[in-house]
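Going by the working numbering, the first residue of the sequence shown is number 88, and it counts up by one from there. In this text, a Cβ means the ideal position worked out from N, Cα and C, and glycines have one as well. Let me begin by presenting the structure, written as structure tokens, before commenting on it.
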Amino acid sequence: MPSNIPYTSTLPAELIQLLNEFSEKLKVPKNKLIEKSLRLYLEKLKQLEYVHSFKRASQDEDMLRLAEEGLKSYLDSLDVL
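What follows is the structure, encoded as structure tokens:
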């Protein structure tokens with residue numbers, strides 16, 4: 088797969104205006120701003136997935152039991168030290 092793939096899309100006019108303003112202000116090409124913004128947003132989505140999975144796990148009786156057993160084993164190993 089090529090390292091860069093052309094992509095064409097449309098955006099609302101006010102978003103393009105903001106993009107132009109920040110591109111000029113920061114002296115950064117618009118495509119780089121879009122790339123960085125998309126990476127940050129996708130990373131945030133990934134973090135939200137983790138949060139949701141931990142929330143689901145915290146309500147799962149089997150997961151709680153396994154966590155408690157693991158914590159007990161860990162605390163027991165500390166007592167040996």
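Problem - For Pro-116 and Ser-110, believed in contact at Cβ under 8 Å, the rounded distance - result: Sequence index remark: in the sequence shown, residue 110 carries index 23 (1-based). Sequence index remark: in the sequence shown, residue 116 carries index 29 (1-based). 7 Å between Cβ atoms; contact.
Problem - Segments of 4+ residues assigned as alpha helix (DSSP H) that fall wholly inside the segment 97-139 - result: 100-113
Exercise for the section: Would you kindly work out how many angstroms separate the C-alpha atoms of Thr-95 and Arg-143, rounded to a whole number? Expected result: For the purposes of this step, residue 95 is taken as residue 8 along the sequence shown, with counting starting at 1. For the purposes of this step, residue 143 is taken as residue 56 along the sequence shown, with counting starting at 1. Their Cα atoms are separated by approximately 38 Å.
Handout entry: Leu-51 to Pro-99 span [Cα, whole Å]
Key = Shown here, the chain extends from 88 to 168; a query on residue 51 therefore has no answer.
Handout entry: Rounded straight-line distance, which links the Cα of Leu-153 to that of Val-167
Key = On the sequence shown, residue 167 is found 80 positions in, with the first residue counted as 1. On the sequence shown, residue 153 is found 66 positions in, with the first residue counted as 1. Between Val-167 and Leu-153, the C-alpha separation is close to 21 Å.
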